[in-house]
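Sequential numbering of the sequence shown, starting at 14, is according to the numbering used here.
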Amino acid sequence: MRIFRFNEIDSTNKYLKEREDLKDYDCVIAKTQTAGVGRRGNVWVSNEGMAIFSFALQEDKNLSLEEYMRLPLVAGISVLGGLKKIENLDYKFKWTNDIYIQDKKICGILVEKIRDFFIIGIGVNVNNDDFGYAQDKATSLKNITGKFYSTEDIIFCIINEFKKYFSENWEYVLKEINSYNYLKGKEIEIIKYGESLGSGIAKDIVYEGRLKVEIDGEEKLFNI
Ligand code: BTN
14 MRIFRFNEID STNKYLKERE DLKDYDCVIA KTQTAGVGRR GNVWVSNEGM
64 AIFSFALQED KNLSLEEYMR LPLVAGISVL GGLKKIENLD YKFKWTNDIY
114 IQDKKICGIL VEKIRDFFII GIGVNVNNDD FGYAQDKATS LKNITGKFYS
164 TEDIIFCIIN EFKKYFSENW EYVLKEINSY NYLKGKEIEI IKYGESLGSG
214 IAKDIVYEGR LKVEIDGEEK LFNI
């Protein structure tokens, strides 16, 4: 496992995507990002004090596309597991792959594909208390406990959890994920590409990683 460290970088995901000599579990860690990328092309505010990193996972041709579709969920439960090892708080898994605590987001995960590698980029609010435009919706470990943490300890704990969960039986991993399901029992509206697909009560996450939602007495499944 090679580790590349930067005080400042545009985006750790972009850095790995641009490396031609990528190896399995190459990892890049940065103190800040000037052009952090979020899901759906959003900007990811990347302040000092966050754990900002990406690692590469080489595609194994023996695994199916279905198995790789689970990666965002596996990454999510790995962040939850890693954080729990550092500070045992009441984290929740918000489908598809956000980790929440006290109803606020504590981390963001972006999985991308380049050649035969998946790039798993993770930003965890650790010692920072500035969350930019997401100020009301986000929190950090320090905000909750008042303590300072080693971001590198957190990063390696999360990667170790990922290695463990990625090699585990999916039924077991899914059970773990469902035991922390933040949305379960909540009234939610499913919005895709700005369009509402309906409102209902969220249930479990099912085998394919889809979320079951009861809408007008009928159970519907929504894709990752
Ligand atoms: C989200 O929109 O919730 C996902 C945010 C992912 C941010 C991380 S920070 C490390 C890595 N580098 C990036 O540019 N993005 C990811």
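Yeah, the Cβ is synthetic: ideal placement off N, Cα and C, and Gly gets one too. Owing to the predicted nature of the structure, the values given are computational and were not obtained by experimental measurement.
Is V58 close to ligand 1? I mean its beta-carbon at under 7 Å from any heavy atom of the ligand.
For this step, residue 58 is matched to residue 45 along the sequence shown. No, Cβ of V58 sits at least 7 Å from all heavy atoms of ligand 1.
CB of V246 within 8 Å of CB of Y146, strictly:
Here the chain has residues from 14 to 237 only, and residue 246 is not among them.
What is the DSSP secondary structure of D143, reduced to helix, strand or coil?
One-based indexing of the sequence shown puts residue 143 at position 130. When secondary structure is reduced to three states using DSSP, D143 falls in the coil class, being assigned neither helix nor strand.
C-alpha distance - C170 paired with D229, whole-angstrom precision:
Within the sequence shown, residue 170 is the residue found at index 157, counting from 1. Within the sequence shown, residue 229 is the residue found at index 216, counting from 1. Cα-Cα distance, rounded: 42 Å.
Between which residues of its own chain and N60 is the CB-CB distance below 7 Å, once the five residues before and five after are set aside?
Looking up residue 60 in the sequence shown gives position 47. Within the same chain, Cβ atoms closer than 7 Å to the Cβ of N60 are found at T45, N141, D143, the five residues on either side in sequence being excluded.
Buried versus exposed, by CB contacts within 10 Å (16 or more), A151
Here the question's residue 151 lines up with position 138 in the sequence shown. That one is buried.
Coil, strand or helix - S163 by DSSP:
Taking the sequence shown and counting its residues from 1, one reaches residue 163 at position 150. Of the three classes helix, strand and coil, the one that applies to S163 here is coil, per DSSP.
Determine whether the Cβ of I16 lies closer than 8 Å to any Cβ atom of chain B.
Chain labels in this structure do not include chain B; a single protein chain is all it has.
Between I65 and E100, what straight-line distance do the alpha-carbon atoms span, to the nearest angstrom?
Residue 65 sits at position 52 when you count from the first residue of the sequence shown. Residue 100 sits at position 87 when you count from the first residue of the sequence shown. Approximately 18 Å between the Cα atoms of the pair.
Other residues of its chain near K105: CB distance less than 6 Å, five sequence neighbours each side excluded
The residue given as residue 105 occupies position 92 in the sequence shown. If we look at K105 and ignore the five residues flanking it on each side, its Cβ neighbours are Y113, Y193, Y195.
Nearer than 7 Å: is that true of the beta carbon of G91 relative to any heavy atom of ligand 1?
Mapped onto the sequence shown, residue 91 falls at position 78. The question names Gly, but residue 91 in the sequence shown is Ser. No - ligand 1 has no heavy atom lying nearer than 7 Å to the Cβ of S91.
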